[in-house]
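A.B. asks: Counting with our numbering, you get residues 2 to 473 for the letters of the sequence shown.
No residue lacks a Cβ here, since even glycine has one placed at the ideal position from N, Cα and C.
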Amino acid sequence: MNFRVLFLAIISTLVLASCANLSTRTETDIYTIADVDTLKTHDALNAPGVRDNGVVYPSSTRDEFQRDVVLHDSIIEREYPDFIRLGLFEGVGLFGGDGDYALGSGIFGVHPDLGNLRSGFRGDGDGLVPGGLYRIGIAEYRLRWFKDAKNWTLGTSLYEAIIPDARGENMLISYLPIYFRKRYFLDENIPYISVTPAVGIGFYPSIYVNTSISLDVGSIGGLNIRAYVGYAFGVNLRYTSQIQNNDFYDQSNNVSIPYAGLGISVLDFLNLPRETEVEWKYHEHSSWEVGLASITLLGSNADISIFSGTSPNSILDQQNNNQSDLLVSGMILKLANAKVALPYLGHKLYAGTSLVNLIALGQNAFGMGVIPIRVGYWQTVISDDLVAEPFIEYNYLPTQMLHIGAELKLRVSEKFNINLALGYVNGSNSGFMGDFFDKDWGDSGNFSGVYVGLGFNLLDRMFYSDELRYNK
2 MNFRVLFLAI
12 ISTLVLASCA
22 NLSTRTETDI
32 YTIADVDTLK
42 THDALNAPGV
52 RDNGVVYPSS
62 TRDEFQRDVV
72 LHDSIIEREY
82 PDFIRLGLFE
92 GVGLFGGDGD
102 YALGSGIFGV
112 HPDLGNLRSG
122 FRGDGDGLVP
132 GGLYRIGIAE
142 YRLRWFKDAK
152 NWTLGTSLYE
162 AIIPDARGEN
172 MLISYLPIYF
182 RKRYFLDENI
192 PYISVTPAVG
202 IGFYPSIYVN
212 TSISLDVGSI
222 GGLNIRAYVG
232 YAFGVNLRYT
242 SQIQNNDFYD
252 QSNNVSIPYA
262 GLGISVLDFL
272 NLPRETEVEW
282 KYHEHSSWEV
292 GLASITLLGS
302 NADISIFSGT
312 SPNSILDQQN
322 NNQSDLLVSG
332 MILKLANAKV
342 ALPYLGHKLY
352 AGTSLVNLIA
362 LGQNAFGMGV
372 IPIRVGYWQT
382 VISDDLVAEP
392 FIEYNYLPTQ
402 MLHIGAELKL
412 RVSEKFNINL
422 ALGYVNGSNS
432 GFMGDFFDKD
442 WGDSGNFSGV
452 YVGLGFNLLD
462 RMFYSDELRY
472 NK
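Okay, here's the thing in structure tokens:
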């Protein structure tokens, strides 16, 4: 595997996550506070001795008042969300392309055969889902059209690709396309349900118009499900990368794509217009944890570490069955994680997933899951800052893996935490993995093993129990 791919993926997600700070609106009140203190002194002025004073001849007294005024400035800042939608990644598996050139992207468009991700692949005709639609770095803001009519938005994404099949000349790709959307909400309770017509314009490198209507369910823990019907049309000119890097096509191409599909998005958050007037600290949450990236360094019973620098295909190593001298033999890498509280066992039972879940016990013992299924139990140990989390996880594609384990997680700050992990993994790689990792980590078929690990979770927020909407 080329580690530059992992490095660029992590850097890209960190950059996109930092953009979230740009979507917070801060309102500041500056005013003066006056602290007033009054001292009253009461003195009796009678001369010494016995004196017959009363109503006719009252005692002599004197009252003195001293008033002090201290003025000081007060500054109060309130932070509000300043976006309607802000998301990291959306993938849609598309029907409508030519089945003879099927890309085979799988359901939601995120389960391709990794062996096909190579230059010159033109489809094999066996894919159930011919194409996919992908967006990275999604943002939508309120558009106050038609006398401030509700639920109009103006949006874009850093990158969009509409891919009907594996032929490059038919792929419509744009950086920063412009989209107009109007949401009609069927249910304004979490998770929201809406019907969303949209019109988008892509400018570069492809030039196109994309019209669609979708049924959206979400966001809960940053997870959304969408069903699309749409039509995109445009042109790929000769200078586009789809044409210049194409060994089968060398001229401009008009593209017409009717499509339907089912999609999923992760770390993708949606606000109703009224929620943009609610301070961040009062927003409702549905998840125990939402995070951008997690990496856990493992010590396992694998023969050779993935960090050893030893060739995984070395005949000498295979003959001698050398053990690795490195303490760290592997790692677990997760991107775009979410753990949604379920209405069972006091909402401590959760269902979770991640966009990418890479588990490597060592060389020749690794696998990868995309949108795995995870069920666990969230048990507070000390004041919600130390949490014990037993779990079971199933990864079905591209590697079939059963992962059972437990984590002891410590909150360090609002966006960073560490954990100790213990687990067991049993996996089997199929042809979907191809040779994507083979050059660096060897040929992983069936494997199993136990591990202990130390993990670091970046831009990862653990929520307190009283922050969950169920407990308010």
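Excluding the 5 residues flanking M172 on each side, which residues of the same chain have their C-beta closer than 6 Å to its C-beta?
C.D. replies: Contacts found: I164 and Q243.
A.B. asks: As a quick exercise: from F186, P131, Y135 and R136, pick the residue whose alpha carbon is nearest that of K151.
C.D. replies: Checked all of F186, P131, Y135 and R136; the closest Cα to K151 is F186.
A.B. asks: Suppose the cutoff is 7 Å on Cβ atoms and the five residues either side in sequence are ignored; what does the same chain contact list for S355 look like?
C.D. replies: Answer for S355: K335, L336, A337, N338 and P373, listed in chain order.
A.B. asks: Please report the distance separating the alpha-carbon of P113 from that of Q245.
C.D. replies: If you take the alpha carbons of P113 and Q245, they lie about 24 Å apart.
A.B. asks: Could you tell me how far apart the beta carbons of Y142 and I85 are, in whole angstroms, since I believe they sit closer than 8 Å?
C.D. replies: Right, the Cβ-Cβ distance comes to about 6 Å (below 8 Å), so this counts as a contact.
A.B. asks: Do you know how far the Cα of F66 is from the Cα of A45?
C.D. replies: Each residue's Cα considered, the two are about 15 Å apart.
A.B. asks: Given that a residue counts as buried once 16 or more other Cβ atoms are within 10 Å of its Cβ, and exposed if not, what is G201?
C.D. replies: Answer is buried; the Cβ neighbour count reaches 16.
A.B. asks: Over the uninterrupted beta strand (DSSP E) stretch that includes I244, give me the two end residues.
C.D. replies: No beta strand (DSSP E) contains I244, which is instead part of the alpha helix (DSSP H) from S242 to Q245.
A.B. asks: Do L327 and S306 have their CB atoms nearer than 7 Å?
C.D. replies: It is a contact, given that the beta carbons lie within the stated cut-off.
A.B. asks: I need the DSSP call for H73, collapsed to helix, strand or coil.
C.D. replies: Correct three-state label for H73: strand.
A.B. asks: Nearest by alpha-carbon distance to S429: which of E80, Y397 and L459 is it?
C.D. replies: With distances taken between Cα atoms, S429 lies closest to Y397.
A.B. asks: DSSP has M172 in a bridge; who is on the other side?
C.D. replies: M172 is not bridged to any residue.
A.B. asks: Report buried or exposed for S257, applying the criterion of at least 16 other Cβ atoms within 10 angstroms of its Cβ.
C.D. replies: The residue in question, S257, is exposed, as its Cβ has fewer than 16 Cβ neighbours within 10 Å.
A.B. asks: For V230, which residues from the same chain have a beta carbon less than 8 Å from its beta carbon, with the 5 sequence-adjacent residues on both sides left out?
C.D. replies: S213, I214, S215, Y260 and A261.
A.B. asks: Taking C-beta to C-beta, are I194 and V210 nearer than 7 Å?
C.D. replies: Cβ distance not < 7 Å, so I194 and V210 don't count as in contact.
A.B. asks: What are the boundary residues of the beta strand (DSSP E) that includes K340?
C.D. replies: First-last of the beta strand (DSSP E) with K340: G331 to A342.
A.B. asks: Could you name the residues of the same chain whose beta carbon sits closer than 6 Å to that of T42, not counting the 5 residues immediately before and after it, in chain order?
C.D. replies: If we look at T42 and ignore the five residues flanking it on each side, its Cβ neighbours are E65.
A.B. asks: For E415, which option in K440, D69, D99 and G292 has the closest C-alpha, if you only look at C-alpha atoms?
C.D. replies: Measuring from the Cα of E415, the nearest candidate turns out to be G292.
A.B. asks: Using a Cβ-Cβ cutoff of less than 6 Å, which residues in the same chain neighbour L1 once the five nearest sequence positions on both sides are dropped?
C.D. replies: Outside the displayed span of the chain (2 to 473) sits residue 1, for which this structure offers no information.
A.B. asks: Between the alpha carbons of D444 and F438, how many angstroms are there, rounded?
C.D. replies: Rounded to whole angstroms, D444 to F438 spans 8 Å at the Cα level.
A.B. asks: Should S253 go down as buried or exposed, given a rule of 16 or more other Cβ atoms within 10 Å for buried?
C.D. replies: Under this definition S253 is an exposed residue.
A.B. asks: Using only the alpha-carbon positions, how far apart do Q320 and V382 sit?
C.D. replies: Note on Q320: pLDDT 45, under 50, position unreliable in the model; the coordinate value appears next. Going by the C-alpha atoms only, they are around 48 Å apart.
A.B. asks: Evaluate F464 with the Cβ neighbour count: other Cβ atoms within 10 Å of its Cβ, from every protein chain shown; 16 or more gives buried, anything less gives exposed.
C.D. replies: The residue in question, F464, is buried, as its Cβ has 16 or more Cβ neighbours within 10 Å.
A.B. asks: Could you work out which residue in L263, D385 and V426 is closest to G133 when comparing CA atoms only?
C.D. replies: Per the Cα distances, L263.
A.B. asks: Rounded C-beta distance between V426 and G454? I'm assuming under 8 Å.
C.D. replies: 11 Å between Cβ atoms; not a contact.
A.B. asks: Within the continuous alpha helix (DSSP H) that includes D441, where are the two ends?
C.D. replies: That run of the alpha helix (DSSP H) goes D439 to W442.
A.B. asks: For E280, which residues in the same chain have their Cβ closer than 8 Å to its Cβ, ignoring the five residues on either side in sequence?
C.D. replies: For E280, where only same-chain residues beyond five positions count, the Cβ hits under 8 Å are R79, E80 and Y81.
A.B. asks: Taking F457 as the reference, which of S295, N272, Y205 and F96 has the closest Cα?
C.D. replies: Per the Cα distances, S295.
A.B. asks: By DSSP's criteria, L398 is part of a beta bridge. Which residues make up the other side?
C.D. replies: Paired residues: none, contrary to the question.
A.B. asks: If contacts are defined as beta-carbon pairs under 8 Å, then Q380 and A389 qualify, I think. What distance do you get, rounded to the angstrom?
C.D. replies: With 8 Å as the limit, Q380 and A389 qualify as a contact, their Cβ atoms being about 5 Å apart.
A.B. asks: Beta-carbon within less than 6 Å of T297's beta-carbon, same chain only, minus the 5 sequence neighbours each way: which residues are those?
C.D. replies: Excluding residues within five positions, the ones whose Cβ falls inside 6 Å are I333, A422, G454 and G456.
A.B. asks: Between the C-alpha atoms of S158 and L72, what's the straight-line distance to the nearest angstrom?
C.D. replies: Going by the C-alpha atoms only, they are around 49 Å apart.
A.B. asks: Measure from the alpha carbon of L359 to the alpha carbon of each residue in R184, L403 and E189, then state which is nearest.
C.D. replies: It is L403.
A.B. asks: In whole angstroms, what separates the C-alpha of G92 from that of V111?
C.D. replies: Approximately 6 Å between the Cα atoms of the pair.
A.B. asks: Quick one: give me the first and last residue of the beta strand (DSSP E) that H43 is part of.
C.D. replies: Where H43 is concerned, the enclosing beta strand (DSSP E) stretches over T25 to A45.
A.B. asks: Let me confirm a value: A103 is counted as buried when at least 16 other C-beta atoms fall within 10 Å, else exposed. Which label applies?
C.D. replies: Buried, because 16 or more other Cβ atoms sit within 10 Å of the Cβ of A103.
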